[in-house]
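Residue numbers (numbering that gives the first Met the number 0), protein chains in the order written: chain E, 0 to 271; chain S, 0 to 258; chain P, 0 to 356. Positions of the beta carbon are idealized from the N, C-alpha and C atoms, including for glycine. Model, not experiment: these values are computed from the prediction. Inspection log for the structure reproduced underneath, given as structure tokens.
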Amino acid sequence: MYKKGKTSRLMASPYLAWAFIFILVPLGMIFYYGFTNEAGSFTLQNISYIIQPAYFKSLLLAFELGIVSTVVCFLLAYPLCMILADMKLGHHEFILTLFILPMWMNFLLRTLTWMTLLERKGVLNDILSVLHLPPVYIINTPAAIVIGMVYNFLPFMILPIYNSLSKIDDNVINAARDLGASSFQTFLRVTLPLSVPGIISGITMVFIPALTTFAISSMLGGSKVLLIGNVIEQEFTVAYDWHLGSGLSIILMIFILANMIVSAIADRKENL
Amino acid sequence: MKKTFEHIYLSMIFIFMYAPIAALIVLSFNASKSRSKWGGFTLEWYFNLLSDSEVMDALINTLVIALIATLFATLIGTVTCVAMMGLKRRSRTIIMGITNIPMINADIVTGISLMLLFRAMNISTGFVTVLFAHITFNIPFVMLSVMPRMKEINPSVYEAALDLGASPFTAFTKTVLPDLVPAIISGALMAFTMSLDDFIVTYFTKGSGFDTLSTLIYNEVKRGIQPEIYALSAIIFIVVLLLLLIINRFPKKIKFMHK
Amino acid sequence: MSKDLILLEHISKSYDGQMILDDLNLSIHENSFVTLLGPSGCGKTTTLRILGGFEKPDKGNVIFDGQNITELAPNKRMLNTVFQKYALFTHLDIAENIAFGLKIKNKTQSYINDKIKYALKLVNLEGFEHRMPDSLSGGQQQRIAIARAIVNEPKVLLLDEPLGALDLKLRQDMQYELIRLKNELGITFLYVTHDQEEALTMSDHIVVMNQGYIQQEGSPEKIYNEPENAFVADFIGDSNIIPATMVCDELVDILGAKFACVDKDFGVNKPVDVVIRPEDVELVRPENCSLCGVVTHIIFKGVHYEMTVEAGGFEWLVHSTRMSAPGTTVGISVDPFNIQIMNRPASEDEEAISENV
Numbered sequence: 000m001y002k003k004g005k006t007s008r009l010m011a012s013p014y015l016a017w018a019f020i021f022i023l024v025p026l027g028m029i030f031y032y033g034f035t036n037e038a039g040s041f042t043l044q045n046i047s048y049i050i051q052p053a054y055f056k057s058l059l060l061a062f063e064l065g066i067v068s069t070v071v072c073f074l075l076a077y078p079l080c081m082i083l084a085d086m087k088l089g090h091h092e093f094i095l096t097l098f099i100l101p102m103w104m105n106f107l108l109r110t111l112t113w114m115t116l117l118e119r120k121g122v123l124n125d126i127l128s129v130l131h132l133p134p135v136y137i138i139n140t141p142a143a144i145v146i147g148m149v150y151n152f153l154p155f156m157i158l159p160i161y162n163s164l165s166k167i168d169d170n171v172i173n174a175a176r177d178l179g180a181s182s183f184q185t186f187l188r189v190t191l192p193l194s195v196p197g198i199i200s201g202i203t204m205v206f207i208p209a210l211t212t213f214a215i216s217s218m219l220g221g222s223k224v225l226l227i228g229n230v231i232e233q234e235f236t237v238a239y240d241w242h243l244g245s246g247l248s249i250i251l252m253i254f255i256l257a258n259m260i261v262s263a264i265a266d267r268k269e270n271l
Numbered sequence: 000m001k002k003t004f005e006h007i008y009l010s011m012i013f014i015f016m017y018a019p020i021a022a023l024i025v026l027s028f029n030a031s032k033s034r035s036k037w038g039g040f041t042l043e044w045y046f047n048l049l050s051d052s053e054v055m056d057a058l059i060n061t062l063v064i065a066l067i068a069t070l071f072a073t074l075i076g077t078v079t080c081v082a083m084m085g086l087k088r089r090s091r092t093i094i095m096g097i098t099n100i101p102m103i104n105a106d107i108v109t110g111i112s113l114m115l116l117f118r119a120m121n122i123s124t125g126f127v128t129v130l131f132a133h134i135t136f137n138i139p140f141v142m143l144s145v146m147p148r149m150k151e152i153n154p155s156v157y158e159a160a161l162d163l164g165a166s167p168f169t170a171f172t173k174t175v176l177p178d179l180v181p182a183i184i185s186g187a188l189m190a191f192t193m194s195l196d197d198f199i200v201t202y203f204t205k206g207s208g209f210d211t212l213s214t215l216i217y218n219e220v221k222r223g224i225q226p227e228i229y230a231l232s233a234i235i236f237i238v239v240l241l242l243l244l245i246i247n248r249f250p251k252k253i254k255f256m257h258k
Numbered sequence: 000m001s002k003d004l005i006l007l008e009h010i011s012k013s014y015d016g017q018m019i020l021d022d023l024n025l026s027i028h029e030n031s032f033v034t035l036l037g038p039s040g041c042g043k044t045t046t047l048r049i050l051g052g053f054e055k056p057d058k059g060n061v062i063f064d065g066q067n068i069t070e071l072a073p074n075k076r077m078l079n080t081v082f083q084k085y086a087l088f089t090h091l092d093i094a095e096n097i098a099f100g101l102k103i104k105n106k107t108q109s110y111i112n113d114k115i116k117y118a119l120k121l122v123n124l125e126g127f128e129h130r131m132p133d134s135l136s137g138g139q140q141q142r143i144a145i146a147r148a149i150v151n152e153p154k155v156l157l158l159d160e161p162l163g164a165l166d167l168k169l170r171q172d173m174q175y176e177l178i179r180l181k182n183e184l185g186i187t188f189l190y191v192t193h194d195q196e197e198a199l200t201m202s203d204h205i206v207v208m209n210q211g212y213i214q215q216e217g218s219p220e221k222i223y224n225e226p227e228n229a230f231v232a233d234f235i236g237d238s239n240i241i242p243a244t245m246v247c248d249e250l251v252d253i254l255g256a257k258f259a260c261v262d263k264d265f266g267v268n269k270p271v272d273v274v275i276r277p278e279d280v281e282l283v284r285p286e287n288c289s290l291c292g293v294v295t296h297i298i299f300k301g302v303h304y305e306m307t308v309e310a311g312g313f314e315w316l317v318h319s320t321r322m323s324a325p326g327t328t329v330g331i332s333v334d335p336f337n338i339q340i341m342n343r344p345a346s347e348d349e350e351a352i353s354e355n356v
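Shown next as structure tokens:
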């Protein structure tokens with residue numbers, strides 16, 4: 000349309016080369032390391048490590064916390080987005096940006112804030128003692144990690160859901176009311192289904208990072224709570240067992256792939 | 000009645016999002032290093048911050064990496080999008096598919112894979128490797144912003160320019176490019192944000208001796224937080240807030256965030 | 000005499016400080032096809048939305064079948080709306096769209112299935128049950144929107160410029176469809192449009208609106224032949240609107256020439272506006288008449304010739320099946336019955352306020 004095939008191919012080749020070297024080859028290397036051992040021969044040993052109790056536990060915990068965080072993010076974000084989508088034009092853009100603003104601060108700093116709040120001698124316990132209430136020890140527990148995840152990833156749930164909701168034509172809502180639906184029925188039968196693309200997008204953008212994090216669990220869980228992300232990280236930085244680390248990463252990628260497939264199916268159902 | 004509930008809910012979420020940041024800012028003025036006792040007001044940490052070479056270096060690294068990576072990513076991404084318009088549908092789908100990989104993949108996998116690459120190729124880790132890594136995950140953000148816009152653009156304008164005697168290059172720069180600029184800026188800003196914020200990929204590709212803000216903080220956490228970091232947070236927050244207010248004076252440019 | 004099904008009493012509504020409707024009073028009879036006609040911003044859509052329950056009037060009451068429904072939520076009103084851009088539920092197929100209102104009312108599945116079949120037959124889209132709205136053309140979507148509304152057997156159907164996005168031929172077909180539907184279903188139609196041809200074709204009763212006021216109400220013939228003020232005369236069809244002087248009853252002075260007409264009670268030597276439709280202007284031999292002029296332009300329109308005649312300092316628009324070439328001197332003649340006299344308003348405000356005869 001714009002340029003002939005040859006020029007286009009020429010123009011695209013720098014990126015193609017880059018993508019090959021920096022996306023495909025590295026991915027290949029993970030697979031290579033994951034399926035081989037020190038001697039260089041093919042093995043499934045690295046992958047099978049996931050079944051071992053310690054490793055499996057970390058995966059399971061990551062999975063659980065990931066789901067909990069995603070659900071909490073969803074429950075918090077959806078009503079927020081509904082309120083925002085309803086507000087008058089101009090107003091809601093500013094308020095939306097206000098909620099997205101923390102995203103622009105550094106990710107580590109955001110996690111750090113909760114460390115400060117939740118520590119044994121942290122701000123939260125400080126406030127509680129002033130109110131003559133007993134201190135709570137949330138730090139270094141899974142609960143702290145969930146709080147950290149929700150805090151960090153909430154904007155990623157807010158944005159796509161808000162986009163979906165704001166795209167719904169006012170008259171479609173009016174039509175549902177016109178046909179006899181109460182506010183609740185309208186929400187259930189029209190608003191919610193039409194916002195599904197945004198929900199799916201939000202879930203993906205929260206669940207995968209939550210599942211694979213190690214920074215949040217490191218900072219808010221201490222060395223007591225290990226997620227699969229921590230385990231993999233330690234294989235590389237502490238144990239120097241790249242084969243095992245890669246093998247476990249492959250397991251992670253299976254989850255990511257599964258998530259992609261589920262999203263794609265749900266997406267296609269929408270576009271039927 | 001409903002309005003009151005809505006306002007309460009908004010405020011609650013608002014407090015949830017900003018209370019932790021507020022706590023940090025307050026602590027940045029705390030003369031005592033303790034996180035629970037107030038030892039009096041001080042600007043000591045702010046001054047220490049400026050003379051702390053480690054933190055300053057990390058800050059500069061972060062900004063430089065983000066800027067250069069964004070620059071390259073924007074260049075490569077835009078050129079590739081333009082190129083893709085002249086390719087077959089199938090090729091386009093494949094390329095976009097590959098481009099999506101860093102976005103879909105967990106950061107940890109991207110970081111590890113790049114680390115393996117650099118070690119295998121015997122490239123010493125540091126500024127360059129981090130830069131390459133950032134460019135790699137920035138390009139998809141640029142392309143994801145520019146590509147849809149590219150598809151939307153009416154080819155008639157370009158053809159009209161050709162019809163009036165312009166060379167393909169002139170026609171492109173005078174008709175198509177101006178239309179693309181918002182999407183390019185949007186993608187670049189997205190990439191810049193991602194670079195500034197990145198931790199995991201940088202962590203794995205930096206080796207030792209090179210730090211960005213994120214990795215520095217992570218190290219500090221192990222050692223015990225210095226209050227300079229709180230001062231840093233406060234400054235960053237103010238800067239970001241100012242940016243927000245400035246950007247809000249140009250509501251059209253804000254649109255990029257809501258795509 | 001059919002009863003008043005809907006009464007809008009003293010309805011006022013403003014938006015952002017702008018007055019959209021000011022003390023509007025309207026009654027709609029059962030089983031009639033009523034059209035609210037007017038330019039954009041005249042308040043017709045707002046009136047419809049107030050009736051549907053999507054807007055609340057600042058002042059005034061909406062009476063439906065004897066009941067005051069001003070405060071009633073839209074889902075509790077016994078009317079249904081066909082929206083301008085169809086507003087179909089894109090996540091549901093056609094059958095589910097049509098069944099939506101019925102499912103809310105908890106009708107049995109067999110009842111619903113029967114109704115769907117009936118509705119699709121009515122709008123000539125049988126077999127479309129499992130298609131998705133996005134796969135339908137504009138005209139088809141429009142018909143589904145209508146089907147979705149009428150299956151609920153409302154007493155009144157509100158239509159908000161439903162044919163606006165369709166091309167000419169389709170629009171004309173749909174106009175006949177709507178008339179047929181109204182007669183078959185026996186329900187009241189309240190139709191909103193800015194297209195006067197549409198209004199003239201379909202309506203039993205037209206309400207011409209401008210700037211929030213009703214300019215004139217009446218049958219299509221009455222509105223067309225006897226416009227009561229310059230706005231209505233100008234908005235409906237082409238017309239020649241000429242300042243003139245009412246000499247006395249049944250005699251008017253137009254541009255210096257005296258014409259017999261049939262209106263009385265406008266006073267003596269009073270300034271008035273005169274409306275003459277282009278097709279009512281007869282071009283005669285210049286020797287026989289008091290007002291003469293020269294043909295300046297002519298266009299062949301198929302149905303008639305459209306000519307402009309400069310006479311008495313006014314550019315007359317003339318429609319005729321007989322041709323008079325440009326440059327010809329002609330005489331203007333009008334049957335007295337075809338001269339419509341209107342009061343000339345003293346100010347713009349007076350012009351806007353309705354004058355019900």
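Of the residues the options, the one placed nearest residue i, counting alpha carbons only
{"i": "L64 (chain E)", "options": "E:T212, E:S262, E:I167", "result": "E:T212"}
{"i": "Y212 (chain P)", "options": "P:L6, P:F32, P:Y14, P:L36", "result": "P:L36"}
{"i": "A105 (chain S)", "options": "S:F198, S:P226, S:Y217", "result": "S:F198"}
{"i": "T200 (chain P)", "options": "P:E220, P:Q214, P:V81", "result": "P:E220"}
{"i": "T185 (chain E)", "options": "E:A142, E:V171, E:I249", "result": "E:V171"}
{"i": "D159 (chain P)", "options": "P:L47, P:Q66, P:D194", "result": "P:L47"}
{"i": "S262 (chain E)", "options": "S:F171, S:E43, S:I184, S:I103", "result": "S:I103"}
{"i": "L290 (chain P)", "options": "P:E70, P:L254, P:P132, P:Y304", "result": "P:L254"}
{"i": "T109 (chain S)", "options": "E:L193, E:A11, E:N258, E:G27", "result": "E:G27"}
Residues of its chain near residue i, where Cβ-Cβ distance is below 8 Å and the 5 sequence neighbours each way are ignored
{"i": "E234 (chain E)", "result": "D240, W241, L243, G244, L247"}
{"i": "T214 (chain S)", "result": "A57, F198, T201, Y202, K205"}
{"i": "I260 (chain E)", "result": "none"}
Exposed unless 16 or more other CB atoms sit within 10 angstroms - verdict on residue i
{"i": "S166 (chain S)", "result": "exposed"}
{"i": "C72 (chain E)", "result": "buried"}
{"i": "M11 (chain S)", "result": "exposed"}
{"i": "N268 (chain P)", "result": "exposed"}
{"i": "L95 (chain E)", "result": "buried"}
{"i": "I253 (chain E)", "result": "exposed"}
{"i": "K120 (chain E)", "result": "exposed"}
{"i": "V207 (chain P)", "result": "buried"}
{"i": "L111 (chain E)", "result": "buried"}
{"i": "V175 (chain S)", "result": "buried"}
Neighbourhood of residue i by C-beta, 7 Å cutoff - its chain only, sequence neighbours within 5 removed
{"i": "I64 (chain S)", "result": "V129, L130, H133, S194, T211"}
{"i": "Y136 (chain E)", "result": "R119"}
Nearest-angstrom beta carbon gap, residue j and residue i [assumed within contact, 8 Å]
{"i": "Q339 (chain P)", "j": "V274 (chain P)", "result": "4 Å"}
{"i": "T187 (chain P)", "j": "S31 (chain P)", "result": "6 Å"}
{"i": "P73 (chain P)", "j": "F53 (chain P)", "result": "6 Å"}
{"i": "L101 (chain P)", "j": "N151 (chain P)", "result": "7 Å"}
{"i": "V81 (chain P)", "j": "A144 (chain P)", "result": "5 Å"}
{"i": "L6 (chain P)", "j": "I97 (chain P)", "result": "The pair is not a contact, with the Cβ atoms about 31 Å apart (cut-off 8 Å)."}
In DSSP terms, what residue i is bridged to
{"i": "C291 (chain P)", "result": "P:G330"}
{"i": "A310 (chain P)", "result": "P:G292, P:F313"}
{"i": "F258 (chain P)", "result": "P:V251"}
{"i": "L156 (chain P)", "result": "P:N79, P:F188"}
Nonlocal neighbours in the same chain, by C-beta distance under 6 Å from residue i, ignoring five residues either side
{"i": "P134 (chain E)", "result": "N124, L127"}
9 Å Cβ cutoff, residue i in contact with chain C
{"i": "M83 (chain S)", "result": "Among the chains of the structure shown, chain C does not appear; the protein chains present are E, S and P."}
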